[in-house]
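Read the structure below first, then the notes.
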Amino acid sequence: MLKTPAYAAAHAKAPLAPFAIERREPGPRDVLIDILYCGVCHSDIHQARDEWGGAVFPMVPGHEIVGRVAAVGSGVQEWRVGDNVGVGCFVDSCRVCEACVAGEEQFCDGGIAFTYNGQERDGKPTYGGYSTRITVDQDYVLRIPDGIPLARAAPLLCAGITTYSPLRRFGVVAGSRLAVLGLGGLGHMGVKFGKALGAHVTVLSHSPDKRGDAERLGADAFVATHDPEAFVQNAGRFDFILDTVSAAHDYNAYLNLLRRDGTMVLVGVPEPTLLAAPALIMKRKRLAGSLIGGIRETQEMLDFCAGTGVAADVELIDIQDINAAYERMLRSDVRYRFVIDIASLGREAAV
Ligand code: NAP
Ligand code: ZN
Ligand code: ZN
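Okay, so the sequence shown: first residue is 80 according to this note's numbering, each after it adds one.
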């Protein structure tokens, strides 16, 4: 076993603190990755604080992992020592269910292995990317194309695919009127992908001071949602709303901003909120959801980013600042993704 420094939450009310885990020695199909950067997703906070229930502790969060291949098993063909690679929200799945065969492993019926707060296929707990290395089956590793700075690539592994996938699947194309609700980690990627696809992009935000950032990120318009007038002025305006908000909010009010046959896709996972049928039926609207993406689509997204110059806007932090970063995210004060420089964990381990 490979002793590996990490940061963990001991229980739902505990701040993250240094913790040692063990990674398996790479088996014939495995890739051992030295982690360089790990993005900080709001799902890390939801789970480290057990807001979704059923959390397993101690928990080492982190599912936006970028690193370099340090070793490969005897049967690994595709990956070589030194390759720049990524790991997203899952590290294994059953491979035989309908979803896995379709390349939609995130919906695996046979027991997906989430990157943390989950179980390997052999039942051992999984630990995420707030750590110096990880051992992953070769089929669940992504290639980071040349040209994307590695720290700015890390958030693509969750925030990137979570926004790219629904925009593509639900048909956002050139000229679509797209609204991105919530300008955080997911939201800022939604703006970038929307623009890269040629959509007219509006940011809907409860933080009026983000107007300038929204424009800098490429948005065509900005609507401050703290003003009730905004819901009157923008009624029926959008073909598509991508809802990335992490806290409870009134879905009905936002559905009213869709035009006839418009679609609102939920990707944020706040506590439950009531939905009234007329919000949908009056203009034949659709309310949908989307969960990350499969391995094939995640690689497609990374290659799309390399081709279009899309990458995350990041604030690099040391792991020692992770608890303060969580507090800032809870205040919607992240511009626009915290990424942990894992070298800071290596330095701590050396002391
Ligand atoms: P984040 O960086 O914290 O951004 C969330 C944004 O939501 C904030 O920046 C803020 O934007 C808005 N917001 C927060 N509190 C609000 C409130 N009380 N009222 C209105 N707006 C509020 O979070 P993230 O990492 O992007 O994640 C967002 C959500 O997506 C989380 O629930 C996360 O668990 C979920 N998620 C889902 C998937 C999936 O596959 N479906 C994948 C990853 C994450 P403004 O300041 O612009 O209003
Ligand atoms: Zn995530
Ligand atoms: Zn499966």
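All residues carry an ideal CB built from backbone N, CA and C; glycine is no exception.
- Compare the beta carbon distance of GLY182 and ARG338 with 7 Å and say whether it is the shorter of the two. Between GLY182 and ARG338, the C-beta spacing is not below 7 Å.
- Query: Going by C-alpha distance, which of ASP129, PRO84, ARG103, ARG102 is nearest ALA91?
  - Reply: For ALA91, the closest alpha carbon among the candidates ASP129, PRO84, ARG103, ARG102 is that of ASP129.
- Message: Just checking ILE371 against ligand 1 - is the residue's beta carbon closer than 6 Å to any of the ligand's heavy atoms?
- Response: Taking non-hydrogen atoms of ligand 1 into account, the C-beta of ILE371 is found less than 6 Å away from one of them.
- Query: Which stretch, first to last residue, makes up the beta strand (DSSP E) that contains SER284?
  - Reply: Counting along the chain, SER284 sits inside the beta strand (DSSP E) bounded by residues 279-284.
- Query: ARG159 by DSSP, collapsed to three states: which one?
  - Reply: Looking at ARG159 - three-state DSSP - the assignment turns out to be coil, as it is neither helix nor strand.
- Environment of ligand 2 in chain order, Cβ to heavy atom below 5 Å: Put simply, the residues with a CB less than 5 Å from any heavy atom of ligand 2 are CYS120, SER122, CYS237, in chain order.
- Query: For the alpha helix (DSSP H) that contains GLU376, what are its first and last residues?
  - Reply: Its alpha helix (DSSP H) spans residues 374-387.
- By Cβ distance, which residues of its chain are closer than 6 Å to SER172, with the 5 residues on each side in sequence left out? Excluding sequence neighbours, SER172 sits near CYS179, GLU184, CYS187, ILE191.
- Task: Note the first and the last residue of the continuous beta strand (DSSP E) segment covering GLU350.
- Result: Taken as a continuous stretch (DSSP letters only), GLU350 belongs to no beta strand (DSSP E), as it is neither H nor E.
- Item | Same chain, Cβ closer than 8 Å to THR211, neighbours up to 5 away in sequence not counted | So the list reads THR83, PRO84, ALA85, ASP113, ILE114, ILE421, LEU424, GLY425, ALA428, once near-sequence residues are dropped.
- In the DSSP assignment, find the beta strand (DSSP E) that holds ASP109 and state where it starts and stops. In the DSSP assignment, ASP109 falls within the beta strand (DSSP E) that extends over 109-118.
- Any chance the CB of GLY197 is under 6 Å from a heavy atom of ligand 3? Flag unset: Cβ of GLY197 not near ligand 3.
- Can you say whether VAL160 is buried or exposed, counting buried as having 16 or more other CB atoms within 10 angstroms of its CB? With fewer than 16 other Cβ atoms within 10 Å, it is exposed.
- Message: The beta strand (DSSP E) that contains LYS82, what's its start and end?
- Response: Run containing LYS82: 81-87, per the beta strand (DSSP E) assignment.
- Kindly indicate which residue of GLU294, PRO287, ASP162 has the alpha-carbon position closest to the one of HIS279. The shortest C-alpha separation from HIS279 is found at GLU294.
- Those residues which DSSP pairs with PHE417 across a bridge: GLU394, per the DSSP bridge assignment.
- Query: Thinking just about the alpha-carbon of each residue, which of PRO234, ALA300, PRO349 is nearest to the one in LEU257?
  - Reply: The candidate whose alpha carbon is nearest that of LEU257 is ALA300.
- Message: If we require 4 or more residues per run, which alpha helix (DSSP H) segments fall completely within the region 305-350?
- Response: Counting whole runs of 4 or more residues, the region 305-350 contains the alpha helix (DSSP H) stretches 308-312, 330-334.
- Message: Buried or exposed for TRP131, going by 16 or more other Cβ atoms inside 10 Å?
- Response: A residue is called buried once 16 or more other Cβ atoms fall within 10 Å of its Cβ, and TRP131, having fewer, is exposed.
- Can you tell me the Cα-Cα spacing of THR304 and ALA391, whole angstroms? Computed Cα separation, rounded: 24 Å.
- Query: Which two residues bound the contiguous alpha helix (DSSP H) that contains PHE272?
  - Reply: Where PHE272 is concerned, the enclosing alpha helix (DSSP H) stretches over 264-275.
- For LEU51, which of helix, strand or coil comes out of DSSP? In this structure the chain extends from 80 to 430, so residue 51 is not present and cannot be described.
- Item | For PRO228: DSSP bridge partner residues | Note: PRO228 sits in no beta bridge, so no partner.
- Task: Provide the residue span of the beta strand (DSSP E) that contains GLY189, from first to last.
- Result: Counting along the chain, GLY189 falls outside any beta strand (DSSP E), and DSSP gives it neither H nor E.
- Message: Considering Cα atoms alone, identify which of LEU283, GLY297, ILE100, LEU221 is closest to ALA309.
- Response: Minimum Cα distance to ALA309 is reached at LEU283.
- Where PRO105 and LYS203 are concerned, what is the direct C-alpha to C-alpha distance, given to the nearest angstrom? If you draw a straight line from the Cα of PRO105 to the Cα of LYS203, it comes to about 15 Å.
- Look up LEU257 in the DSSP assignment and say whether it is helix, strand or coil. For LEU257, the three-state secondary structure derived from DSSP is strand.
- Message: I believe GLY165 touches ARG108 by the beta-carbon criterion, under 8 Å. Please report the beta-carbon distance rounded to the nearest angstrom.
- Response: The beta carbons of GLY165 and ARG108 sit about 18 Å from each other, so the pair does not count as a contact at 8 Å.
- Residues near ligand 3, CB to any non-hydrogen atom under 7 Å, in chain order? Going along the chain, the residues that qualify are SER172, CYS173, ARG174, VAL175, CYS176, ALA178, CYS179, GLU184, CYS187, ASP188, GLY189, ILE191.
- Backbone secondary structure at PRO234 - three-state DSSP: In the structure shown, PRO234 sits in a helix (DSSP, three-state: H, G or I).
- Message: If contacts are defined as beta-carbon pairs under 8 Å, then GLY266 and VAL259 qualify, I think. What distance do you get, rounded to the angstrom?
- Response: Confirmed, Cβ separation roughly 5 Å.
- Candidates GLY239, ALA96, ASP292, LEU262: which alpha carbon is nearest GLY118's? Closest by alpha carbon: GLY239.
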